[in-house]
Amino acid sequence: MQKRLRLTRRILLISLLVLWVSAVQAAKCPQECCCVQLNVTCVNKNLTQVPPNVDERTVKLDLQGNDLQELPTGAFRHTPYLTHLSLQRCNIHKVKEGAFRGLDRLVFLDLANNNIEILYQESFDGLSSLKQLIIDRNRVAEIQPGAFSQLGSLNLLSLSHNQLVYIPNMAFQGLQNIKKLRLSNNCLIYLDTEAFVELVNLRRLNLSRNPILCNRCLRPLRVWAFFNKVKLVGTCGGPSHLSGERLNAVDPPKLRCQSEEEEAAGIIPRPTEEPNKVYLDQPFCDPWTP
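Heads up: the sequence shown runs through residues -26 to -1, 1 to 264, numbered per mature numbering (1 follows the signal peptide of the UniProt record, and there is no 0).
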């Protein structure tokens, strides 16, 4: 009889404990959201700010399809244990400096399908553990030098379907562990090798569907990719005789400016230099030259 009573008491205590935990969790779950353990989903709720009453222990937060517009400094200071954060389709047009500061456990951040135009110098400060950063289908036209300088653990950066015309030399500073970089579907014509030389672990550079001009300006990048075993994905956008040729396969000696085409035809005397040697410090040539 006593054993049965003890067992009943234990069951009652466990039940009360479960109810108490559930009540505490419910109290910390925003009304607009669905909370399962430490995963919080607030999708398509027309939220204009990050809910301040999310359980601080939350590890996965999904805010897709809201109307956040701008991420202020310290926007996620109440959720320091986040590892995964999805901000797709939130009409975000600006990420202020320090917006993600304090999220040193975050490994995945998705900012796809927003209206971001500029990646500021300290936009991603504090994300020291981040592995994957997705910024596809925005309006990014400018990457300020040092924008990614605090992302030393990043191994995938995706900037596909944006409005990039030029990549500044210091754009990818600090990404020493990145392995995959996606720049497909932008407006890139000319690529400066200096923008990529610090990416010592890069293995795949996706440049597909860019109007890349395959002339002498591309030689240093092609040679750099060859010696560093980086696979270039994409094709030449011009000149016409190289249009459609794979970047990874085009022969560096074929990459010429207009004057070199004339030299090859015998119109201009060829300068005295080793015929097949390509220098990484080639002088600048107009990227618009066919």
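Beta carbons are placed, not taken as given, at the ideal position from N, Cα and C, and that holds for glycine.
Bear in mind the structure is a predicted one, so any value in this text is a computation, not a measurement.
Collapsed DSSP secondary structure at residue i in the structure displayed
| i | result |
| --- | --- |
| Glu91 | coil |
| Asn14 | Residue 14 is actually Val in this sequence, not Asn. Looking at Val14 - three-state DSSP - the assignment turns out to be strand. |
| Lys228 | helix |
| Arg220 | strand |
| Leu149 | coil |
| Val207 | strand |
| Cys259 | Below a pLDDT of 50, predicted positions are generally treated as unreliable, and Cys259, at 32, falls in that range; no measurement from the model is reported. |
Same chain only: Cβ atoms within 7 Å of residue i, ignoring 5 sequence neighbours per side
| i | result |
| --- | --- |
| Pro142 | Ile117, Pro119, Ala169 |
| Gln5 | none |
| Leu104 | Leu80, Val81, Leu83, Leu125, Ser127, Leu128 |
| Thr32 | Leu12, Val14, Thr53, Tyr55, Leu56 |
| Ala49 | Val24, Ala73 |
| Met144 | Pro119, Gly120 |
| Thr167 | Pro194, Leu195, Trp198, Leu254 |
Sub-8 Å separation of residue i and residue j beta-carbons
| i | j | result |
| --- | --- | --- |
| Cys64 | Asp36 | no |
| Thr53 | Lys70 | no |
| Ile186 | Leu173 | no |
| His67 | Gln43 | yes |
| Gln150 | Asn184 | no |
| Cys188 | Val224 | yes |
| Arg196 | Pro226 | yes |
| Ala115 | Gln95 | no |
| Asn40 | Asn27 | no |
| Ser132 | Ile108 | yes |
| Ser97 | Asp78 | no |
8 Å Cβ shell around residue i - same chain, five flanking residues per side excluded
| i | result |
| --- | --- |
| Asn180 | Ser134, Lys154, Leu155, Arg156, Leu157, Ser158, Val207, Gly208 |
| Asn87 | Gln62, Arg63, Asp110, Arg111, Asn112 |
| Gln147 | Pro119, Gly120, Phe122, Ser123, Glu172 |
| Gly76 | Gly48, Phe50, Arg51, Pro54, Gly100 |
| Ser182 | Ser158, Asn159, Val207, Gly208, Thr209 |
| His215 | none |
| Cys161 | Gln137, Leu138, Val139, Asn184, Pro185 |
| Arg178 | Lys153, Lys154, Leu155, Val204, Lys205, Val207 |
| Ile163 | Val139, Asn184, Pro185, Ile186, Leu187, Gly211, Pro261, Trp262 |
Residue i classed as buried or exposed, judged by whether at least 16 other C-beta atoms fall within 10 angstroms
| i | result |
| --- | --- |
| Asn18 | exposed |
| Phe201 | exposed |
| Gly218 | exposed |
| Ser60 | buried |
| Pro194 | buried |
| Ser22 | The sequence shown places Thr at residue 22, rather than the Ser named in the question. Answer is exposed; the Cβ neighbour count stays below 16. |
| Val204 | buried |
| Cys7 | buried |
Cut-off 6 Å between Cβ atoms - residues of its own chain near residue i, not counting five sequence neighbours on either side
| i | result |
| --- | --- |
| Gln106 | Phe82, Leu130 |
| Val199 | The sequence given here places Ala at residue 199; Val does not occur at that position. Hits under 6 Å: Leu206. |
| Asp29 | Lys2 |
| Asn89 | His67, Arg113 |
| Arg220 | Thr209 |
| His58 | Lys34, Phe82 |
Cutoff 8 Å: residue i Cβ touching any chain C Cβ
| i | result |
| --- | --- |
| Asn175 | The structure shown has no chain C; it contains just one protein chain. |
* Taking only runs that begin and end inside the region 6 to 81, name each unbroken beta strand (DSSP E) of 3 or more residues, in chain order. => 8 to 10, 13 to 15, 34 to 36, 58 to 60
* Segments of 3+ residues assigned as beta strand (DSSP E) that fall wholly inside the region 94 to 143 -> 106 to 108, 130 to 132
* Whole beta strand (DSSP E) runs in the region 161 to 195 with 3 or more residues, listed along the chain? -> 178 to 180
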